[in-house]
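Listed in order, the protein sequences are those of chains A and B.
Quick note on numbering: the first sequence equals residues 0 to 175 in numbering that gives the first Met the number 0.
Quick note on numbering: the second sequence equals residues 0 to 260 in numbering that gives the first Met the number 0.
The beta-carbon is built from N, C-alpha and C at its ideal position, and this holds for glycine as well.
Predicted model only: the values in this text are computed from it and were never measured.
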Amino acid sequence: MSRIAASILLAMLAGCATTAGYEALLQTWVGDSTDHLVSSWGVPQQEYRQNGGGTVLQYSRSGQIVLPGMTTYQAQTSYTNGSVSAVGSNGNMVNGTYDGTTTTYVPHTSDPTVIATRCVTRFTADARGRITNWAWEGNSCRAVAPKKTVVAAATPAQPTAYKQCTADQLRHGDCS
Amino acid sequence: MVHFNRYIAALTFSTAMCMSAFAATSPTTQDSTLLPKIGQPYVIELKKPEYGVSRCMLTPVFESDSMTVALSTDHVFAAGDVFVVVGSEVVDSTAKFPVRDALMKRASDESIQVKIRRAGKEMTVTAKCSDAKPFYDLLLEAGFAASNNDAIGCSDKMRAAAGLHALNFFPMHLAFQCGRLAGRIVGLADQAKAYYEVYEQLIRESQWSTDALNRNRATILTAVEALRKGNAAYLADDLKQQFDQALSAKMQTTASLGDGR
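Here's what the structure looks like:
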C-alpha cells in the first residue's frame, strides 16, 4: 500500500473514532447495571466502594503507537583529481591531468517516535448497582459513536382529551 | 392469570409488532398512533362480561396453551408444571381456556386443590385464590387509556395491575410501550433491557411446544435484530440463545416422548 493510501486510511479511521463518540458510548451505560457492564467490558482493573454503598469501577488500557523514523537521503560528493603519464605512439612521454566529482546519496533514518496511549474510564454506580455517571481521562479514549436511531427518545405522548372511565362503566356502556 | 393471549395475539400481532418495534425510527409519527393500535384490542376483549366477575385467580402466568406454568411467583407452582385437575374438574386440554374455565366456578377467596404434572410425576398442591376482577379491571382501564393515547394513565394502570399479578407477554408489551412513551423507561440501556424482558417472556410462554416456538420465531428474531441495532448485542445474543435452547430442549423432549408435548 502506498504511503498516500495509508495516510488516507488513517485519516478516515481517525475521523470515525472520536472522544465525542466515546462519550456517547459511555452514556449508553447510564441506567444499566454493573453486572451487565462487567459482562460486556470484563472485570474492572480497580473497584472502589463508596461510603454510601455505591461503587466506582475503573477500566484502564494503555499501549503505545510507534511512528517509524523518517528516512532522508543526503548527497555526498567526492572530488577526484590527479595526473597521469603515458608513453605515446611516438615513444615520447605524455603527461595529463584530470579533475572530476562523484555524487552518491546516503540514506539517513531518524529514531522512531514512541507515543504512549492511555485511557482510564470510571463508571459510578449507586448502591443498587445502577450506573449513574462516568468519566474518562487519557489520550486514547475514542470510539465510533453508537447508532442513535434505534430507540426513540422518550417523548411523552400527548393524550387526546377523553373521559376517564372505570372498567365497569366501560363494560356497561356508560362511557360515552 | 391472564387468559386472553390468543385473542390479543390475533388482534395485535399484525399491527402492534410492526408498529412498536424497538427500532422505531420516526417516533413522532409512529408513536401518535402506536398506543391506540395496541390499546384498542384490550378494550374490545376485556369489556366482555367474563372479565368483569369476581372469581378465583391463581398466581402463575401460563404459557400460550393456557395450562402450563410459564412463570411462578410463589413456591406452590413452578415453571413447567402442567395443570391436570383443578378442584374436582379435569382440565380439558382441548378447550380454549382450560384452566380459566375451571377457575370461573371458584370463588375469589377459596383455597383449591390442584393436581399438576411436574417432571413427569403427578402431585396435588393447595393454592390460594385471589380475585381476578381487580386485575382485569386495571388491564381494561390501561387499554382504554392507551386507546386514547394516554401513555401516563396507561402506565399507571399497568403498574397497579403488575402489583396484583405477574404480567404475561401482551400486557408486558403494553406496559413497555406505555412506560416508554410516558417517559418512565428512559435511556437506551433501560429501554433495551425492558424490551428484552418482554421477549424473554414470549419465549417462556412458547416453550410448551415446538410449534409454539416456531410460530414466534420471526417475532423473536425481529426482537434480536432490534436489540443488536440498539447497541445491545449482549442482550440480543442472550435472547437468541434462549430461543435456540428452548427449541432444542423441546425437540429433544418431543423426540424422546414421541408426541408433540
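The Cβ of B/A159 sits no closer than 8 Å to any Cβ of chain A.
Taken atom to atom, the span from the alpha-carbon of A/S39 to that of B/L220 is near 21 Å.
At a cut-off of 8 Å between beta-carbon atoms, B/L173 makes no contact with chain A. Assignment of beta-bridge partners to B/F134 by DSSP yields no partner. Under the Cβ distance rule, B/V81 does not count among the residues neighbouring chain A, no pair being separated by less than 8 Å.
B/L201 sits close to B/F168, with the two beta carbons spaced by under 8 Å. Under the rule that a run must span 4 or more residues, no alpha helix (DSSP H) segment is found entirely inside the region 89-134 of chain A. Sixteen is the threshold: since fewer than 16 other Cβ atoms of the shown chains lie within 10 Å of the Cβ of A/H171, the residue is exposed. The beta carbon of B/V90 sits closer than 7 Å to those of M66, F82, V83, V84, P97, V98, A101, all from its chain and outside the five residues before and after it, given in chain order. Residue environment: A/Y78 is assigned as exposed (fewer than 16 neighbouring CB atoms within 10 Å of its CB, all protein chains considered).
Boundaries around B/V81 are those of the beta strand (DSSP E), 81-85, since no alpha helix (DSSP H) includes it. Distances from the alpha-carbon of A/T116 to those of A/G53, A/L169, A/S61, A/A19 put A/S61 closest. Nearest C-alpha to B/S247 among B/S208, B/L226, B/T218, B/G229: B/S208. Linking B/M122 to A/R121 through their CA atoms gives a straight-line distance of about 53 Å.
With respect to the C-alpha of A/A19, the residue from A/T103, A/N50, A/V143 having the closest C-alpha is A/V143. Closer than 8 Å to the CB of B/A188 there is at least one CB belonging to chain A. Using beta-carbon distances, A/P145 counts as an interface residue toward chain B, with a partner under 8 Å. Residue state for B/G142 is assigned as helix, using DSSP reduced to three classes.
B/V42 is bridged by DSSP to nothing; it lacks a bridge partner. Straight through space, the alpha carbons of A/G52 and A/C174 are spaced by roughly 50 Å. Within the same chain, Cβ atoms closer than 6 Å to the Cβ of B/V75 are found at V124, A126, the five residues on either side in sequence being excluded. In chain order, T103, V105 place their CB closer than 6 Å to the CB of A/Q75, counting only its own chain and leaving out the 5 sequence neighbours on each side.
Put simply, of B/P59, B/A217, B/N148, B/K120 the residue whose alpha carbon is nearest the alpha carbon of B/K36 is B/N148.
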